[in-house]
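Visitor: Just dropping this structure here.
Residue numbers (our numbering), protein chains in the order written: chain W, 1 to 349; chain E, 350 to 612.
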């Protein structure tokens with residue numbers, strides 16, 4: 001028993017030592033980008049076509065290499081800056097997988113089976129784009145978003161229109177006097193809106209139009225963010241690695257094999273595991289690696305595709321963006337698509 | 350009144366930053382120690398040693414910067430407003446987990462994978478198909494200069510046991526007793542690492558002894574000299590199969606090598 005424990009501890013350490021460099025790199029990049037990059041410039045370039053928009057949304061992860069722990073706040077910020085909800089949903093689903101660090105760490109773990117690396121990217125892109133496109137059919141964001149956020153967006157839109165109008169007036173006519181008039185008008189209407197909507201705090205209004213990254217770009221917030229993320233993600237990584245090492249050491253091989261060799265049972269088991277173990281996508285391929293010799297390729301793929309999209313710990317924050325029903329739809333769609341795609345892979349290859 | 354006001358900051362005394370700093374520094378030290386002492390060999394593939402070294406240095410720098418910031422901060426013990434961020438754990442739990450693990454890692458050295466793990470993962474005498482093909486292997490002119498892993502790779506490249514009969518063998522590895530083999534057979538085994546210990550897989554050749562294998566308990570490291578023969582054995586999961594066996598002439602116990610895995 002002592003031997004077994006020591007063995008499990010060695011495997012646990014091995015997972016951690018292999019994963020921590022990638023975790024640190026991910027945290028560094030995401031903190032740097034969150035602290036130093038202005039996303040509003042990017043938003044203006046998103047195409048209007050729903051499928052193309054959803055696809056671009058899926059690929060934004062390449063610029064914001066955040067894992068599933070960092071993508072919710074970014075998606076929320078994107079929404080607040082006027083990105084369509086379909087694009088934000090695509091980003092939410094794809095960003096944790098479609099980013100350079102995750103692809104690299106998957107390659108390190110599964111370089112000898114390149115199909116896993118490639119299909120992880122392809123399936124995630126397909127799923128995120130498809131779901132983004134599905135939600136783009138709903139033009140009215142109020143039916144998707146959480147009421148308070150929807151209200152905030154509505155006010156933001158009114159404000160934007162007013163600003164545009166006022167700018168038009170400024171462009172067409174003589175500058176000084178009218179500018180001051182129109183600005184007063186906007187401000188007047190804005191204060192009316194504030195009075196009307198009780199849920200909105202006054203402090204939230206000025207922060208919307210201004211760039212949220214306008215905080216001082218010093219080292220301190222960057223270091224703060226690195227520490228916060230390392231603490232949270234490192235803690236999760238430790239729990240996840242402990243689970244993986246224990247399953248590998250203490251669960252008899254016959255049981256693992258009987259579960260892992262069935263086409264359907266292996267996919268279902270790995271998807272369940274992905275939902276339970278919310279290990280960060282930067283390092284989840286190492287977790288999956290501990291099942292590489294006992295589970296089917298399609299089930300490993302199911303874990304790698306489904307895992308980053310579903311995250312119990314992000315649920316709280318997701319609820320601050322979407323209505324609960326919509327979150328359920330998103331997860332149900334992702335689960336079904338992952339199952340169908342990976343089952344298809346196992347049947348045809 | 351004055352005393353109550355003075356008490357307030359003490360009540361919200363915040364030691365979390367210290368915990369954070371300790372956790373990050375401890376991991377920096379642990380990774381650096383693993384790199385320095387060569388313990389990394391027991392955990393991950395050598396391709397990633399450099400990555401671990403860089404990480405350890407970054408963690409140490411990060412810990413130092415944070416310490417400096419903490420010391421320079423006049424309100425260092427006052428609770429600060431936590432920025433809106435994902436928090437799965439109550440404050441301090443993540444850092445405590447990190448710190449505890451690092452301390453355990455500093456206290457308990459990782460071990461070498463054992464015969465039990467080899468049995469758990471299923472011993473093979475060939476490289477599984479999905480695995481990467483050997484990066485480079487030189488077919489030594491003298492058969493007795495081939496390591497166990499060279500032998501496995503040779504067999505993998507041309508899996509015809511009869512082609513190698515009656516060659517001299519000198520290999521080292523650890524002992525695994527396969528329950529389905531007779532008492533005078535043991536498996537001389539090594540693990541091959543592709544990424545980290547988690548996916549290390551055992552490769553082995555059967556050894557025919559003149560005595561009982563009870564003299565060589567599992568996990569004993571042996572250097573075996575002998576010649577190759579071909580026998581029908583059921584040493585793998587596929588059932589009976591003609592395979593290359595080492596007929597042992599001499600077996601000597603050796604200490605566990607510092608570099609126990611193949612790559």
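Note that beta-carbon positions come from the ideal geometry of N, C-alpha and C, so glycine has one too.
Just so you know, these numbers come straight off a predicted model, no measurement behind them.
Taking a Cβ distance cut-off of 8 Å, strictly less, list which residues of the stretch 369-381 of chain E are near chain W, in chain order.
Guide: Taking 8 Å as the Cβ-Cβ cut-off against chain W, the residues of the stretch 369-381 of chain E that qualify are 369, 372, 373, 376 and 380.
Visitor: Can you list, in chain order, the stretches of the alpha helix (DSSP H) that have 4 or more residues and sit fully within the stretch 85-119 of chain W?
Guide: Segments of the alpha helix (DSSP H) lying fully in the stretch 85-119 of chain W: 85-94 and 100-110.
Visitor: If you pair each beta-carbon of the stretch 259-277 of chain W with each one of the stretch 91-99 of chain W, do three or more pairs fall below 8 Å?
Guide: In short, these stretches do not touch, since the Cβ pair count stays below three.
Visitor: Hey, could you find the ends of the beta strand (DSSP E) residue 287 of chain W is sitting in?
Guide: Here residue 287 of chain W belongs to no beta strand (DSSP E); instead the alpha helix (DSSP H) covers 284-289.
Visitor: Please go through the same chain and pick out, in chain order, the residues whose beta-carbon is closer than 8 Å to the beta-carbon of residue 115 of chain W, but skip the five residues on each side of it.
Guide: Once the five neighbours on either side are set aside, the close Cβ partners of residue 115 of chain W are 297 and 349.
Visitor: Assuming residue 34 of chain W contacts residue 225 of chain W under a Cβ cut-off of 8 Å, what Cβ separation, rounded to an integer in Å, is found between them?
Guide: Confirmed, about 6 Å.
Visitor: I'd like to know if residue 291 of chain W contacts chain E, where contact means its C-beta is closer than 7 Å to some C-beta of that chain.
Guide: Output row for residue 291 of chain W: interface = no.
Visitor: Any beta-carbon of chain E closer than 7 Å to the one on residue 24 of chain W?
Guide: For residue 24 of chain W, the answer is yes, since a Cβ of chain E falls inside 7 Å of its Cβ.
Visitor: Which one of E:558, E:378, E:384 and E:612 has the shortest CA to CA distance from residue 502 of chain E?
Guide: It is E:612.
Visitor: Listing by chain order, which chain W residues have their CB less than 7 Å from the CB of residue 415 of chain E?
Guide: Residues of chain W passing the Cβ test: 223 and 227.
Visitor: Distance check for residue 256 of chain W and residue 506 of chain E, CA to CA, integer angstroms please.
Guide: One C-alpha to the other measures close to 30 Å.
Visitor: Could you work out which residues of chain W lie near residue 407 of chain E, taking near to mean beta carbons separated by less than 7 Å?
Guide: Those within 7 Å of residue 407 of chain E in chain W are 24.
Visitor: Taking 7 Å as the threshold (C-beta atoms), are residue 578 of chain E and residue 597 of chain E in contact?
Guide: Contact flag unset, no.
Visitor: Please classify residue 321 of chain W as buried or exposed, where buried requires at least 16 other C-beta atoms within 10 Å of its C-beta.
Guide: The residue in question, residue 321 of chain W, is buried, as its Cβ has 16 or more Cβ neighbours within 10 Å.
Visitor: So with Cβ pairs under 7 Å, would you call residue 53 of chain W a contact of chain E?
Guide: No - not a single Cβ of chain E is within 7 Å of the one on residue 53 of chain W.
Visitor: For residue 238 of chain W, return the contacting residues in chain E, with the cut-off set at a CB-CB distance below 9 Å.
Guide: Per Cβ cutoff of 9 Å: 443, 446, 447, 449 and 450.
Visitor: Output needed for residue 568 of chain E: all residues of its chain with C-beta closer than 7 Å, excluding positions within five of it in sequence on either side, in chain order.
Guide: Taken in chain order, the residues that qualify are 463, 464, 523 and 524.
Visitor: Which one of E:527, E:404, E:380 and E:397 has the shortest CA to CA distance from residue 562 of chain E?
Guide: With distances taken between Cα atoms, residue 562 of chain E lies closest to E:527.
Visitor: Assuming residue 520 of chain E contacts residue 500 of chain E (C-beta within less than 8 Å), just tell me the rounded distance between them.
Guide: Indeed they touch by this definition, with Cβ atoms about 6 Å apart.
Visitor: Does chain E have any CB closer than 7 Å to the CB of residue 152 of chain W?
Guide: By this cut-off, residue 152 of chain W is not an interface position.
Visitor: Is there contact here, the stretch 371-383 of chain E with the stretch 323-339 of chain W, by at least three beta-carbon pairs under 8 Å?
Guide: Counting Cβ pairs under 8 Å, fewer than three are found: no touch.
Visitor: In chain order, what residues of the stretch 108-141 of chain W put their CB closer than 8 Å to some CB of chain E?
Guide: Taking 8 Å as the Cβ-Cβ cut-off against chain E, the residues of the stretch 108-141 of chain W that qualify are 108, 109, 111, 112 and 113.
Visitor: Looking only at its chain, what residues have a beta carbon closer than 8 Å to the beta carbon of residue 542 of chain E, apart from the 5 residues adjacent to it on each side?
Guide: Cβ within range, chain order: 393, 394, 548, 549, 610, 611 and 612.
Visitor: Helix, strand or coil for residue 203 of chain W? Go by DSSP, reduced to three states.
Guide: Residue confidence is low: residue 203 of chain W scores 35 on pLDDT, short of 50, so the model does not pin down where it sits. No coordinate-derived value is stated.
Visitor: Take every Cβ of the stretch 127-136 of chain W, pair it with every Cβ of the stretch 150-159 of chain W, and state whether three or more of those distances are shorter than 8 Å.
Guide: No: the two stretches stay apart, fewer than three of their Cβ pairs being nearer than 8 Å.
Visitor: Name the DSSP beta bridge partners of residue 572 of chain E, please?
Guide: Residue 572 of chain E pairs with E:521 and E:601.
Visitor: Are residue 8 of chain W and residue 286 of chain W touching if we call contact CB-CB under 7 Å?
Guide: Cβ atoms of residue 8 of chain W and residue 286 of chain W: not closer than 7 Å.
Visitor: Taking 7 Å as the CB-CB limit, is residue 61 of chain W close to chain E?
Guide: Chain E, which has no Cβ nearer than 7 Å to the Cβ of residue 61 of chain W, makes this no.
Visitor: Give the interface partners of residue 546 of chain E over in chain W, defined as CB-CB distance under 7 Å, in chain order.
Guide: Result: 10, 11 and 14.
Visitor: Quick one: what's got a C-beta closer than 6 Å to residue 309 of chain W's C-beta in the same chain, skipping five residues either side?
Guide: 93 and 334, listed in sequence order.
Visitor: Verify the CB distance criterion: does residue 398 of chain E have a CB-CB separation below 7 Å to chain W?
Guide: No - not a single Cβ of chain W is within 7 Å of the one on residue 398 of chain E.
Visitor: Please work out which residues of its chain come closer than 8 Å, Cβ to Cβ, to residue 442 of chain E, disregarding the five sequence neighbours upstream and downstream, and give them in chain order.
Guide: There are no such residues.
Visitor: Taking residue 7 of chain W as the query, report the chain E residues whose CB atoms sit under 8 Å from its CB, ordered along the chain.
Guide: The contacting residues are 460, 462, 463, 465 and 466.
Visitor: Can the beta-carbon of residue 4 of chain W be found closer than 7 Å to that of residue 249 of chain W?
Guide: Against a cut-off of 7 Å, the Cβ pair of residue 249 of chain W and residue 4 of chain W comes out as a contact.
Visitor: Would you mind stating whether residue 56 of chain W and residue 46 of chain W have Cβ atoms separated by less than 7 Å?
Guide: Contact flag set, yes.
Visitor: Contact defined as beta carbons within less than 8 Å: I believe residue 460 of chain E pairs with residue 6 of chain W. What is the distance between those atoms, to the nearest angstrom?
Guide: Confirmed, Cβ separation roughly 5 Å.
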